[in-house]
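Numbering (my numbering), first residue to last: 4 to 356.
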């Protein structure tokens with residue numbers, strides 16, 4: 004390996020004419036002449052150094068291609084006592100995906116995962132960590148948040164711009180996304196600020212929903228290989244219905260704005276879809292599709308997506324707030340949404356199609 008010949012010998016010295024310590028002393032003197040390095044250990048001590056049980060994880064690294072990515076990740080792994088079992092590389096345009104099989108048995112698993120994610124983020128590398136056994140379970144359904152995940156802006160902020168209350172709404176939205184404010188109350192406050200807005204403003208925004216780069220292509224390929232796709236949003240049905248028709252979502256869940264005589268009343272009809280509701284919908288979808296929650300992938304960006312991310316078999320934070328990164332299995336930056344295909348092992352299928 005790497006130009007080095009390695010040989011291990013198990014030797015029984017019970018009937019030997021030389022003791023183990025004598026052999027060790029002789030090898031110490033001769034090592035230079037023989038061009039070898041050696042270590043001599045009692046078998047019990049040698050076995051004690053071996054891992055009795057591995058903790059294997061699939062670690063997917065995504066980034067724009069550059070020199071030294073494998074070296075940098077290997078250095079991070081070594082510093083955190085994570086062993087790399089193997090690595091494979093896939094390139095897609097200028098995006099490179101490296102899939103490592105890593106063993107976390109020699110470190111505190113949760114701490115090591117957190118440090119690995121943080122260190123990779125500092126290296127401008129996206130990383131997703133999956134337990135090997137769970138990664139092998141076939142994923143069948145993927146749920147996405149809407150605003151700032153599939154749609155490239157916060158729709159309620161766009162509505163606020165039409166109503167002339169954008170600064171007030173943006174401030175409330177930011178507090179809610181960071182987890183500093185109860186989502187239900189924040190949504191009610193923002194919707195009340197929209198009271199009197201004509202429905203025509205909603206129609207204008209819905210007709211020009213700008214999608215996050217790569218999202219339409221990603222959804223196309225997911226559908227092509229047989230995945231069900233769902234949209235779970237703390238936003239509004241007025242817009243999820245448009246996206247369902249445009250992008251082919253199998254399921255959509257969102258809040259319904261109350262509209263009377265062609266204008267917004269400033270109220271929401273029915274129960275509000277907040278973080279708890281989003282988390283519960285994961286289990287509801289699993290029942291509807293007759294699959295395990297482990298077969299569901301969730302992708303979101305804010306505090307309101309925490310339970311959705313936790314309850315899914317794989318939770319990915321996309322261009323996300325720190326509060327969501329902490330509970331997710333990994334994160335993707337804004338330009339790498341299509342990298343989800345690599346995380347799911349679908350990149351080769353996508354290339355073939």
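Beta carbons are placed, not taken as given, at the ideal position from N, Cα and C, and that holds for glycine.
CA-CA distance, residue 127 to residue 38, rounds to 42 Å. By alpha-carbon distance to residue 303, the top candidate from 242, 236, 263 and 245 is 236. DSSP, reduced to helix, strand and coil, places residue 153 outside both helices and strands of the structure shown, so it counts as coil. For residue 320, the beta-bridge partners assigned by DSSP are 303 and 334.
For residue 165, there is no enclosing beta strand (DSSP E); the enclosing alpha helix (DSSP H) has its first and last residue at 158–166.
In this structure, residue 60 lies away from residue 158, with their beta-carbon atoms at least 8 Å apart. Secondary structure at residue 88: strand, using DSSP grouped into helix, strand and coil.
Between residue 340 and residue 216 the beta-carbon gap is near 7 Å, inside 8 Å, which marks them as a contact.
Between the alpha carbons of residue 176 and residue 309 lies a gap of roughly 16 Å. Taking C-beta separations shorter than 8 Å and ignoring five residues to either side along the sequence, the partners of residue 271 in its chain run 190, 191, 194, 258, 259, 260 and 261, following chain order. Residue environment for residue 19: exposed (fewer than 16 other C-beta atoms within 10 angstroms of its C-beta). In the displayed model, residue 254 falls within a strand according to three-state DSSP. At the C-beta level, residue 154 and residue 206 stay beyond 8 Å of one another. For residue 250 against residue 219, the beta-carbon gap comes to about 7 Å, under 8 Å, which counts as contact.
According to the DSSP assignment, residue 113 belongs to the alpha helix (DSSP H) that extends over 112–125. Annotation for residue 80: 87 place their beta carbon closer than 6 Å to its own, counting only its chain and skipping 5 residues before and after. Judged by beta-carbon spacing, residue 255 lies beyond the 8 Å limit of residue 225, meaning their Cβ atoms are not closer than that value.
Listed as beta-bridge partners of residue 242 by DSSP are no residues whatsoever. Sorting 8, 229 and 98 by C-alpha distance to the C-alpha of residue 70 places 98 at the top. In the DSSP assignment, residue 35 falls within the unbroken alpha helix (DSSP H) covering 23–37. With contacts defined as CB atoms closer than 8 Å, residue 285 and residue 301 qualify as a contacting pair. Excluding the 5 residues flanking it on each side, residue 141 has same chain C-beta neighbours closer than 8 Å at 298, in chain order. Counting along the chain, residue 311 sits inside no beta strand (DSSP E); it lies in the alpha helix (DSSP H) bounded by residues 309–314. Collapsing the DSSP output to three states places residue 268 in a strand. The C-beta of residue 96 has fewer than 16 other C-beta atoms within 10 Å across all chains shown, which makes the residue exposed. For the pair residue 110 and residue 73, the CB atoms are not nearer than the 8 Å cut-off. If the five residues before and after residue 66 are omitted, its C-beta is found closer than 7 Å to the C-beta atoms of 72, 99, 127, 128 and 129, all from its own chain and listed in chain order. Residue 263 is bridged by DSSP to 266. Taken in chain order, the whole beta strand (DSSP E) runs of length 3 or more contained in the stretch 191–242 are 231–239. For residue 131, there is no enclosing alpha helix (DSSP H); the enclosing beta strand (DSSP E) has its first and last residue at 129–134. Residue burial is scored here from C-beta neighbours: residue 329 has fewer than 16 other C-beta atoms within 10 angstroms and is therefore classed as exposed.
With 16 or more other CB atoms across the displayed protein chains lying within 10 angstroms of its CB, residue 346 is buried. Annotation: residue 172 to residue 103 spans about 43 Å, alpha carbon to alpha carbon. In the DSSP annotation of this structure, the continuous segment of the alpha helix (DSSP H) that includes residue 327 starts and ends at 325–328.
If you ignore the 5 residues before and after residue 313, its C-beta comes within less than 8 Å of the C-beta of 282 and 330, all in its own chain and listed in chain order.
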